[in-house]
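Undergrad:
There are 2 protein chains.
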Amino acid sequence: MRIALDAMGGDHGPAELIAGAILALEETDLELSLVGDESAIRKCLNTLEPKQSVANRLQIVHTTEMVEMGESPVDAIRKKKNSSVMLAFDLVKKGEAQAAVSAGNSGATMAAAIRKLGRLKNVSRPGIANAFPTLNKPVILMDVGANVDCRPQHLLEFALMAASFSRVYDIASPRVGILTIGEEAGKGNQLVKDTWPLLAESSLNFIGNVEGRDIFQGDVDVIVCDGFVGNVCLKVSEGLVEAATHMIREGIMSSSIAKLGYLLARPVFKKFKKRVDYAEYGGAPLLGINGTGIICHGKSSAVAIKNAILVAQQTVNAKVNENILLSLAENRKVSEEKS
Amino acid sequence: MRIALDAMGGDHGPAELIAGAILALEETDLELSLVGDESAIRKCLNTLEPKQSVANRLQIVHTTEMVEMGESPVDAIRKKKNSSVMLAFDLVKKGEAQAAVSAGNSGATMAAAIRKLGRLKNVSRPGIANAFPTLNKPVILMDVGANVDCRPQHLLEFALMAASFSRVYDIASPRVGILTIGEEAGKGNQLVKDTWPLLAESSLNFIGNVEGRDIFQGDVDVIVCDGFVGNVCLKVSEGLVEAATHMIREGIMSSSIAKLGYLLARPVFKKFKKRVDYAEYGGAPLLGINGTGIICHGKSSAVAIKNAILVAQQTVNAKVNENILLSLAENRKVSEEKS
Numbered sequence: 001m002r003i004a005l006d007a008m009g010g011d012h013g014p015a016e017l018i019a020g021a022i023l024a025l026e027e028t029d030l031e032l033s034l035v036g037d038e039s040a041i042r043k044c045l046n047t048l049e050p051k052q053s054v055a056n057r058l059q060i061v062h063t064t065e066m067v068e069m070g071e072s073p074v075d076a077i078r079k080k081k082n083s084s085v086m087l088a089f090d091l092v093k094k095g096e097a098q099a100a101v102s103a104g105n106s107g108a109t110m111a112a113a114i115r116k117l118g119r120l121k122n123v124s125r126p127g128i129a130n131a132f133p134t135l136n137k138p139v140i141l142m143d144v145g146a147n148v149d150c151r152p153q154h155l156l157e158f159a160l161m162a163a164s165f166s167r168v169y170d171i172a173s174p175r176v177g178i179l180t181i182g183e184e185a186g187k188g189n190q191l192v193k194d195t196w197p198l199l200a201e202s203s204l205n206f207i208g209n210v211e212g213r214d215i216f217q218g219d220v221d222v223i224v225c226d227g228f229v230g231n232v233c234l235k236v237s238e239g240l241v242e243a244a245t246h247m248i249r250e251g252i253m254s255s256s257i258a259k260l261g262y263l264l265a266r267p268v269f270k271k272f273k274k275r276v277d278y279a280e281y282g283g284a285p286l287l288g289i290n291g292t293g294i295i296c297h298g299k300s301s302a303v304a305i306k307n308a309i310l311v312a313q314q315t316v317n318a319k320v321n322e323n324i325l326l327s328l329a330e331n332r333k334v335s336e337e338k339s
Numbered sequence: 001m002r003i004a005l006d007a008m009g010g011d012h013g014p015a016e017l018i019a020g021a022i023l024a025l026e027e028t029d030l031e032l033s034l035v036g037d038e039s040a041i042r043k044c045l046n047t048l049e050p051k052q053s054v055a056n057r058l059q060i061v062h063t064t065e066m067v068e069m070g071e072s073p074v075d076a077i078r079k080k081k082n083s084s085v086m087l088a089f090d091l092v093k094k095g096e097a098q099a100a101v102s103a104g105n106s107g108a109t110m111a112a113a114i115r116k117l118g119r120l121k122n123v124s125r126p127g128i129a130n131a132f133p134t135l136n137k138p139v140i141l142m143d144v145g146a147n148v149d150c151r152p153q154h155l156l157e158f159a160l161m162a163a164s165f166s167r168v169y170d171i172a173s174p175r176v177g178i179l180t181i182g183e184e185a186g187k188g189n190q191l192v193k194d195t196w197p198l199l200a201e202s203s204l205n206f207i208g209n210v211e212g213r214d215i216f217q218g219d220v221d222v223i224v225c226d227g228f229v230g231n232v233c234l235k236v237s238e239g240l241v242e243a244a245t246h247m248i249r250e251g252i253m254s255s256s257i258a259k260l261g262y263l264l265a266r267p268v269f270k271k272f273k274k275r276v277d278y279a280e281y282g283g284a285p286l287l288g289i290n291g292t293g294i295i296c297h298g299k300s301s302a303v304a305i306k307n308a309i310l311v312a313q314q315t316v317n318a319k320v321n322e323n324i325l326l327s328l329a330e331n332r333k334v335s336e337e338k339s
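So the protein lines, in turn, are chains A and B. Here the first sequence stands for residues 1 to 339, numbered as in the numbering used here. Here the second sequence stands for residues 1 to 339, numbered as in the numbering used here.
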């Protein structure tokens, strides 16, 4: 299997991305196409000195064009046909790679994926699925930002697609909940109320309402919401972990006894931070496209990039798209009757 | 000043609530009416043995009727006219108390407040304002659950009301942001897009978009959103702090060196937990009603109840309602022109 990595996207530049690529190749027998400026990539490779067995599986696809983080996605994709992200998805389109991974401008990655690969049959709106760390297995929240104003039909599709993706985490019959406020059926906004019957009548293992606090408990496998609410959840969690880390660090630095204590307990905090750090979590798949695309956080570290490449591999291996097609076809009646 | 406390609401029963009441009286010269079952209240008072100077400022308003946590708020308020929460707000209505505080069924507290006190002039929808801990001063998020489907006009009113409430935290010219996804103007769902011009043309110090991660940074004083999104934010934060505490505790218990380290650094973690524990934060005011009502978390500890009583006192002292009336009147033109 070959995966295309946009070697120009991300806040840390190509070195971090290529370090992640090397880590992924060390752990797997994957092949990788690094899409970006050949001389910059070669420079990184010279510094990082991958083993021969890794270097043999690296290919460079040269382009100097790239989408900047602040650019308008739609404009960028229209104008920059040879940007690294467009060429990465072009490799998938031509069958030369089985998946593409980018830590660049998320909107542009999404636009490039949809433009190059198109949507899967019966999908109205592709969406982004994000795995959250919990006390047990990860929980998949979808959509986390691709679609801000949604209709019930979109949420049903997100649920079916995210449930298919949960195969990657070996979850057999995923428990699917809808994110809302209040525990009783019928609690929530109009979108939740209208989506309820669709989920209840679908083939999904629908367990009903899930509240924000339940996300981290691990008693549900897939949580569905519109992309506005999902993105707010993601960013609130990220911001809270950052602020908490800051507050604790501040406290620890103010006392030498606390500092000593922290040194002793540090492995616990390191492990905790790794568990909840979204940048480490390995990228979020854009589901509903006719191919595989993984969107990474701009600030992704080499480890995060490695994890994202592994998620791409697992998504292909678990036949997530074939499963989405079946699941959407099976539930077409539910959609048509109700919406 | 006299404050009415619903002595029957909350997950921990009257003992915890009354302990909180005693703490509040020890710190202030307030008077308190404890509304609930007299014999149960007397039993708690006998155990807690408040000082004479505190006991003198405690009055019992007897009723045996109460709203259960799981009850439908609307039904409960209609049927249980003598419930502790209804009588607490009745004291405010009759001018015998200046504010009411309840840790019972939140929906019922809201319904009782609106039923007994009515809305302030020009307020379409009362809403709940919640103070979040940040790296600096608290940030006020509104609405956090009273109104799940909102129109732009409602969000403008929330912003004006929450800005008035920020007087309680001595914030002079509060920076007001709208919760959305993405930094650029115009990013967000339809509600955000339609609310933007209202906020921009209001008398508020509107600073534009705020993302979920900005909530905890302290670079904004008031954040406005619909009650669905706000409630999700609140519950996600709560759930994440709980899960994080659980994960860290688990890690610490697995190693004796880590345990020792934790013991040494414990004051830091205690301080941190206090800073981010919403139950400790002292209740959220229902703004927009013709009086003062504070809604507490069901699991509120005595300290949380004390803090809620202090928030009630500060809300009255800071003339929040007078300020809301002025602010809404001043901005009526904005509302009328635009909505």
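Ideal placement from N, C-alpha and C gives every residue a C-beta, glycine not left out. Bear in mind the structure is a predicted one, so any value in this text is a computation, not a measurement.
So what does DSSP say about Ser339(A), is it helix, strand or coil?
TA: Bear in mind that the predicted position of Ser339(A) carries a pLDDT of just 49, short of 50, making it unreliable; the figure below should be weighed with that in mind. It is coil, neither helix nor strand.
Undergrad: Taking the beta carbon of Glu322(A) as the centre, do at least 16 other beta carbons fall within 10 Å, making it buried, or is it exposed?
TA: Glu322(A) is exposed by the Cβ-count criterion.
Undergrad: With distances taken between CB atoms, is the gap from Gly282(B) to Ala304(B) smaller than 8 Å?
TA: Yes, Cβ-Cβ distance for Gly282(B) and Ala304(B) is below 8 Å.
Undergrad: What does DSSP give as the partner residue(s) for Arg119(B) in the beta ladder?
TA: The partner list for Arg119(B) (beta bridge, DSSP) reads Ile289(B).
Undergrad: Alpha carbon to alpha carbon, what distance is there between Gly251(B) and Leu341(A)?
TA: Outside the displayed range of chain A (1 to 339) lies residue 341(A), so it cannot be described from this structure.
Undergrad: Is Ala185(A) buried or exposed, if buried means 16 or more other CB atoms sit within 10 Å of its CB?
TA: Per the 10 Å Cβ criterion, exposed.
Undergrad: Nearest chain A C-beta to Tyr169(B) closer than 8 Å, yes or no?
TA: Not closer than 8 Å to any Cβ of chain A, the Cβ of Tyr169(B) fails to qualify, so no.
Undergrad: Just the chain B side, please: which residues come within less than 7 Å of Val222(A) by C-beta, in chain order?
TA: By Cβ distance, chain B contributes nothing, its closest Cβ being about 17 Å from Val222(A), past 7 Å.
Undergrad: Which two residues bound the contiguous beta strand (DSSP E) that contains Ile215(B)?
TA: Per DSSP, Ile215(B) belongs to no beta strand (DSSP E) and is neither H nor E.
Undergrad: Grab me the residues of Thr47(A)'s own chain with a C-beta within less than 8 Å of its C-beta, minus the 5 sequence neighbours each way, in chain order.
TA: Closer than 8 Å at the Cβ level, and outside the excluded window around Thr47(A), lie Ala15.
Undergrad: What does the alpha-carbon distance come out to for the pair Ser339(B) and Gln153(B)?
TA: Confidence at Ser339(B) is low in this model, with a pLDDT of 49, below 50, so its placement is unreliable and the value that follows should be read with caution. Roughly 6 Å between the two C-alpha positions.
Undergrad: Is the Cβ of Ser237(B) closer than 8 Å to any Cβ of chain A?
TA: Yes, because at least one Cβ of chain A sits closer than 8 Å to the Cβ of Ser237(B).
Undergrad: Would a C-beta distance cut-off of 8 Å place Phe158(A) and Val224(A) closer than the cut-off?
TA: Yes, these two residues count as a Cβ contact at 8 Å.
Undergrad: CB-CB under 6 Å to Ala76(B), same chain, minus the five flanking residues each way: which ones, in chain order?
TA: Counting only Cβ-Cβ distances below 6 Å, and skipping sequence neighbours, we find Val67 and Ala108.
Undergrad: For Thr64(B), I'd like the list of residues in its chain whose CB is within less than 7 Å of its CB, leaving aside the five on either flank, ordered along the chain.
TA: If we look at Thr64(B) and ignore the five residues flanking it on each side, its Cβ neighbours are Asp37.
Undergrad: Counting contacts by CB-CB distance shorter than 8 Å, is Met69(A) in contact with chain B?
TA: Cβ-Cβ to chain B under 8 Å: no for Met69(A).
Undergrad: Could you list the residues in the segment 262-276 of chain B with a C-beta less than 8 Å from some C-beta on chain A, going in chain order?
TA: So the list reads Tyr262, Leu263, Leu264, Ala265, Arg266, Pro267, Val268, Phe269, Lys271, Phe272, Arg275 and Val276, given in the order they occur along the chain.
Undergrad: In or out: Gln190(B) buried (at least 16 other Cβ within 10 Å) or exposed?
TA: With fewer than 16 Cβ atoms within 10 Å of its Cβ, Gln190(B) is classed as exposed.
Undergrad: What would DSSP say about Met66(B), mapped onto helix, strand or coil?
TA: Coil, per DSSP.
Undergrad: Does the Cβ of Arg249(B) have 16 or more other Cβ atoms within 10 Å, making it buried, or fewer, making it exposed?
TA: So Arg249(B) ends up on the exposed side.
Undergrad: How would you label Ile3(B), buried or exposed, when you count the other beta carbons within 10 angstroms and need 16 or more for buried?
TA: Ile3(B) comes out buried.
Undergrad: Look up Val241(A) in the DSSP assignment and say whether it is helix, strand or coil.
TA: Three-state result, Val241(A): helix.
Undergrad: How would you list, in chain order, the residues of chain B whose beta-carbon sits under 8 Å from the beta-carbon of His246(A)?
TA: Neighbours of His246(A) on chain B, chain order: Leu135.
Undergrad: Closer than 7 Å, Cβ to any Cβ of chain A: which residues of the segment 136-153 of chain B, in chain order?
TA: Here the close residues are Gly145, Val148 and Asp149.
Undergrad: Is Val74(A) helix, strand or coil by DSSP?
TA: Of the three classes helix, strand and coil, the one that applies to Val74(A) here is helix, per DSSP.
Undergrad: Whose Cβ in chain B lies nearer than 7 Å to the Cβ of Ala258(A)?
TA: Chain B residues near Ala258(A): Leu264, Ala265, Pro267 and Val268.
Undergrad: I need the straight-line Cα distance from Glu96(B) to Asn130(B), nearest angstrom please.
TA: Roughly 26 Å separates the two Cα atoms.
Undergrad: Suppose you measure from the CA of Lys259(A) to the CA of Phe216(B); what does that come to, to the nearest Å?
TA: Near 24 Å, if we compare the C-alpha coordinates of Phe216(B) and Lys259(A).
Undergrad: Kindly indicate if chain A contains any beta-carbon less than 8 Å away from that of Asn231(B).
TA: Cβ-Cβ to chain A under 8 Å: yes for Asn231(B).
Undergrad: By the 10 Å Cβ neighbour count, where 16 or more other Cβ atoms means buried, how is Met247(B) classified, buried or exposed?
TA: That one is buried.
Undergrad: Could you run through the segment 200-224 of chain A and flag, in chain order, every residue whose CB is less than 8 Å away from some CB of chain B?
TA: Result list: Glu211, Gly212, Arg213, Asp214, Ile215, Phe216 and Gln217.
Undergrad: Strictly under 8 Å for the Cβ-Cβ distance: is Asn130(A) near chain B by that measure?
TA: No, because no Cβ of chain B sits closer than 8 Å to the Cβ of Asn130(A).
Undergrad: Just to confirm before moving on: does the CB-CB distance between Val123(A) and Ser84(A) stay below 8 Å?
TA: No, they are not a contact pair.
Undergrad: When the Cα of Arg125(B) is compared with those of Pro138(B), Val139(B), Met110(B) and Lys137(B), which residue comes out closest?
TA: When each option's Cα is compared against that of Arg125(B), the closest is Met110(B).
Undergrad: Based on Cα-Cα distance, which residue from Arg119(B), Ser164(B), Cys296(B) and Pro73(B) lies nearest to Ala318(B)?
TA: The shortest Cα separation from Ala318(B) among Arg119(B), Ser164(B), Cys296(B) and Pro73(B) belongs to Ser164(B).
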